[in-house]
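Sequence lines, in order, name chains L and G.
Sequential numbering from 0 applies to the first sequence in numbering that gives the first Met the number 0.
Sequential numbering from 0 applies to the second sequence in numbering that gives the first Met the number 0.
The next block holds one structure in the form of structure tokens; read it before the comments.
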Amino acid sequence: MAAWSAACLFIVLFTTNPAYKAAVLAAAIVTLAAGAGLSRIRRLLFAIALVAAFAALLNFVSAHLGATVLFSLPSSIPALGGPFTLEALVFGLTGGLTIAAAILAAAPFSLMLSAHDVVDALPRVLSRSGAAIAASLNLVPEVAATFVQVSEAQRMRGWRPRGPRSWAEVVVPVVLTSVEGSIQLAESMEARGFGSGPRTYVSRPRMHGSDWLVTAASIAAVALFAVSSAAGWAAPWFAYPTLIAPQVDGRPLIACLLLLAPVLVWRARR
Amino acid sequence: MARAALDRFTYWYPRASAPALRDVTFSIEGGLNVVAGPSGGGKSTLLRVFNGLVPHFHGGQMSGRAEVSGRSIVDTPTRRLARDVGFVFQDPELQTVYATVDREVAFGLENAAVPGAEIPARVEEALEEAGITQLAGRTMRTLSGGERQRVALASALAMRPQLVVLDEPTSQLDPEGAALVLAAARRIASQGRTVIVSEHRLYALMGAADQLVMVEDGRVSLTDPRAWSEPRFTPPPSRGAPAGNEVVCVSGAAAGFDGRPVLSEVELVVRGGEVVALMGPNGGGKTTLLRLVAGLLAPAKGRVERQPGRIAYLPQNPAALLHRPTVRYEVRFTIDRSGDSEKPDAILSELGLTQVADRYPRDLSSGERQRAAVAAVLAGTPTLVLLDEPTRGMDASAREALVRLIARLRDREAAVVIATHDAELRAAVADRVLMVAGGRVTAATNEAMRR
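Take a look at the structure:
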């Protein structure tokens, strides 16, 4: 999945053409829906749509560039005054498209893989750091639970949140407890021989044929898109000064479609 | 050769004014060795000598000699001693590294560079020894405290150590979980390994113990476990007067959190001068009911009415509250906020904390910290007292002091609700016992209370 995420990010950040960005976004949504389920990504999609809409709106109201003026506000109005153009709106939408596709490209790490899976997949040379990270991840829910407990108990002792300084009554005990918790965890790891020399592994995540297929498809997508750009098939797109329709070529589009490889592999596995 | 031996061993923690262990000389041959003594006496420090965490991890100064399996603990780092000494800590939450049981048990073996192909069989063997083969493949966060603690035991056993050390392994567990962990400790000792266990629930171990090691004020003395008798506990006199006005009235209430229903159709009235104990399995809803009564959790349905007045609420991990420079400051903080006129020294003396009143609370032993937190929460004259597992990790004298304190608050017309697994505490102070299980609150049957 790391190769797939990297390929999505490469294409989305490399091209200025909204057609290819939209193709990557579509591939990412379909892949996440197939891997994590539509119900799990529904909220994420809604949040991303809001962020993208905000980015588009921000560009529309702040960039008074472009030839196609939709309407104007008096220039005496600070920040907002000036012409509002179709070009600024579409460029803003393209920016939103980029943000949405980039977030979704990284989403499998939180939606489809556990943090421990990612840590286990680290190279052997990072195994000690990986074990330490895995141990720290276990402390995160502990810290959250401590925060709830301390804030509730301090409320019952008469504490009320009144300004930043009052939060010391909660934050200080939570920090102290978390530090003590990490020291106890370190003590426990030391008592189990952590750091005594090179480590072995009971099991490492193994690459199956389907994993190699997704990796190969991702590499092919990057290579084909890079070649397409170099050869001029993936033409760049500019919103300013006058809006033009993006050119679409089959070859870079195929590169984007290769990002659907995980969906095909998972279907075949079922 | 003795499995472990200390000879005139004295140890000071860094910047400590007095030694935590004083001139300790004794040896451990084998079998089940029970370490007992009051909170803050040096039990945990002594146990940490056996795997070298004292002095290697904690620093400080020492004199004398300490050996485990013929190795000097001064010359052998803890991570090397880990192959001979398995160690299980108090808190099952704070000794978990990986997300699944198998990986967790394999962690020590990976550190010891046991070949990957051998590890699954060693994990299986350890799970069997700890009596938890049924947990193989489970995710750690789905386990109960008792199950987690037995996974910690299996993790220690996976290294095939000759010496297994358990530091109050049951202090965070419910009775069922505690019984399973102690049964596993007894079984391991009977299989020929040396087990050293520090514990407050001595009655569960003394029948099988080979040696009783008493630790008090840093000094160690050995006792024949057959000479041990359970300390007699005199419960305070009952109130002798009918309960007063309704302090809390819960009617038809439902509650839960994270979208998960926990309690439904709860009916509960607690009156001033009455002590109500809540019992039931972990996850049954005792803490949710206390939070509902305290007003920390809004009812999803029904009503919760409270008489005006201060609510004293002791959460499950009260030590997390402590952050003031001294124990006395912690108590004064509550008293000042509540507008009471009580002097902090009264409750400190009642809970046996006078000697440590001017110390930083987080420098105290876990048992002393628990008492400090109890003092900090219960100071003054609360109208409603809500206690969540108040005797966790307390020794016998601390529990007795707590019982007297609860009785005093009750006699001052406070309504007291205690969520507890502690049958002795219930028997000593409770006027009524309720069972909280399966989302319902019902009167506890005699059979349930005997369990």
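We put the beta carbon where it would ideally sit given N, CA and C, even for glycine.
Keep in mind that this is a model prediction, so the values were computed, not measured.
Relative to the C-alpha of H199 (chain G), which residue among G:A242, G:A406, G:P54 and G:G40 is closest? The option with the nearest alpha carbon to H199 (chain G) is G:G40.
Give every residue of the same chain whose Cβ lies closer than 6 Å to the Cβ of K42 (chain G), excluding the five residues on either side of it in the sequence, and list them in chain order. Result list for K42 (chain G): V34, G36, S197 and V214, in chain order.
Could you work out which residues of chain G lie near P172 (chain L), taking near to mean beta carbons separated by less than 8 Å? The answer, in chain order, is A319, L320, L321 and H322.
For K20 (chain L), count the other beta carbons within 10 Å of its own beta carbon; 16 or more makes it buried, fewer makes it exposed. Which is it? Counting Cβ neighbours within 10 Å, K20 (chain L) comes out buried, since at least 16 surround it.
I'd like to check one pair, A208 (chain G) with L31 (chain G): are the Cβ atoms closer than 9 Å? Against a cut-off of 9 Å, the Cβ pair of A208 (chain G) and L31 (chain G) comes out as a contact.
At a CB-CB cut-off below 9 Å, which residues of chain G make contact with R156 (chain L)? Those within 9 Å of R156 (chain L) in chain G are A311, Y312, L320, F332, T333, R336, S337, A375 and V376.
With a threshold of 16 other CB atoms inside 10 Å of the CB of A406 (chain G), please say whether the residue is buried or exposed. The residue is buried, with at least 16 neighbouring Cβ atoms inside 10 Å.
Could you give the residue range of the beta strand (DSSP E) that holds D101 (chain G)? For D101 (chain G), there is no enclosing beta strand (DSSP E); the enclosing alpha helix (DSSP H) has its first and last residue at V100 to N110.
Distance between V201 (chain L) and L93 (chain G) (C-alpha atoms, nearest Å): Going from the Cα of L93 (chain G) to the Cα of V201 (chain L) covers about 22 Å.
Under the three-state reduction of DSSP, which class applies to R192 (chain G): helix, strand or coil? Three-state DSSP puts R192 (chain G) in coil, outside helix and strand.
Presumed contact (8 Å Cβ cut-off) between V326 (chain G) and R358 (chain G), rounded CB distance: Confirmed, about 6 Å.
Which residues, taken in chain order from the region 192-213 of chain L, show a beta carbon closer than 9 Å to some beta carbon of chain G? Within the region 192-213 of chain L, the qualifying residues are G192, F193, G194, S195, G196, P197, R198, T199, Y200, V201, S202 and R203.
Excluding sequence positions up to five away, which residues of its chain have a Cβ less than 7 Å from the Cβ of V247 (chain L)? Spatial neighbours of V247 (chain L) in its own chain (CB-CB distance under 7 Å, excluding positions within 5 residues in sequence) are listed in chain order as A18.
On the three-state DSSP scale, how would you describe E266 (chain G)? The answer is strand: DSSP assigns E266 (chain G) an E or B state.
Just to check my reading of the structure: G279 (chain G) and V432 (chain G) have Cβ atoms closer than 8 Å, yes? What is that Cβ distance to the nearest angstrom? The C-beta distance from G279 (chain G) to V432 (chain G) rounds to 10 Å, too long to fall under 8 Å, and the pair is not in contact.
Going by beta carbon distance, what residues of the same chain come within less than 6 Å of E128 (chain G), once the five residues before and after it are set aside? So the list reads L156, once near-sequence residues are dropped.
For R79 (chain G), which residues in chain L fall below 9 Å Cβ to Cβ? The answer, in chain order, is G192 and S195.
Using the beta-carbon count (16 or more within 10 Å), is N110 (chain G) buried or exposed? N110 (chain G) comes out buried.
Would you mind working out which of G:L172, G:V163, G:D335 and G:G206 sits nearest G85 (chain G), comparing C-alpha positions? The shortest Cα separation from G85 (chain G) among G:L172, G:V163, G:D335 and G:G206 belongs to G:V163.
Given this structure, state the Cα-to-Cα distance separating V265 (chain G) from R439 (chain G), to the nearest angstrom. Within the model, the alpha-carbon separation for V265 (chain G) versus R439 (chain G) is close to 7 Å.
Mapping the DSSP letters down to three states, classify Q210 (chain G) as helix, strand or coil. Here Q210 (chain G) carries a strand assignment [DSSP, helix/strand/coil].
Is it true that the CB of D387 (chain G) sits closer than 9 Å to the CB of Q315 (chain G)? In this structure, Q315 (chain G) sits near D387 (chain G), with a CB-CB distance shorter than 9 Å.
Alpha carbon of Y312 (chain G) to alpha carbon of R2 (chain G), nearest angstrom: When the Cα atoms are used, Y312 (chain G) and R2 (chain G) turn out to be separated by approximately 46 Å.
Nearest CA to the CA of W265 (chain L): which residue from L:A234, L:G231 and L:G208? Here the closest residue by C-alpha is L:G208.
Are A418 (chain G) and L204 (chain G) touching if we call contact CB-CB under 9 Å? Here A418 (chain G) is not near L204 (chain G), since their CB atoms are 9 Å or more apart.
Between P140 (chain L) and chain G, is there a C-beta pair that is closer than 9 Å? At least one chain G Cβ lies under 9 Å of P140 (chain L).
Checking the sheet assignment: what are the DSSP bridge partners for Y10 (chain G)? Per DSSP, the beta bridge partners of Y10 (chain G) are G:L20 and G:M61.
Does the pairing of the region 330-342 of chain G with the region 154-164 of chain L give three or more beta-carbon distances under 8 Å? Yes, the region 330-342 of chain G touches the region 154-164 of chain L.
List the residues of chain G whose Cβ lies closer than 7 Å to the Cβ of S217 (chain L), in chain order. Here the premise fails: no neighbours, minimum Cβ distance about 27 Å.
Alpha carbon of E273 (chain G) to alpha carbon of A400 (chain G), nearest angstrom: Rounded to whole angstroms, E273 (chain G) to A400 (chain G) spans 19 Å at the Cα level.
Within chain G, partners of M188 (chain L) - CB distance below 7 Å: Simply V96.
For E423 (chain G), the three-state DSSP class (helix, strand or coil): In the structure shown, E423 (chain G) sits in a helix (DSSP, three-state: H, G or I).
If you draw a straight line from the C-alpha of A318 (chain G) to the C-alpha of V268 (chain G), how long is it? Take the alpha-carbon of A318 (chain G) and the one of V268 (chain G): they are about 29 Å apart.
Show which residues of chain L have a CB atom less than 7 Å away from the CB atom of E92 (chain G). Close partners of E92 (chain G) in chain L (Cβ separation under 7 Å): E141.
Would you mind listing the alpha helix (DSSP H) stretches within the region 182-265 of chain L that are 4+ residues and don't spill past its ends, in chain order? Positions of the alpha helix (DSSP H) runs, each at least 4 residues long and wholly inside the region 182-265 of chain L, are given as 208-230 and 249-256 in order along the chain.
Does I334 (chain G) come out as helix, strand or coil in the three-state DSSP assignment? In the structure shown, I334 (chain G) sits in a helix (DSSP, three-state: H, G or I).
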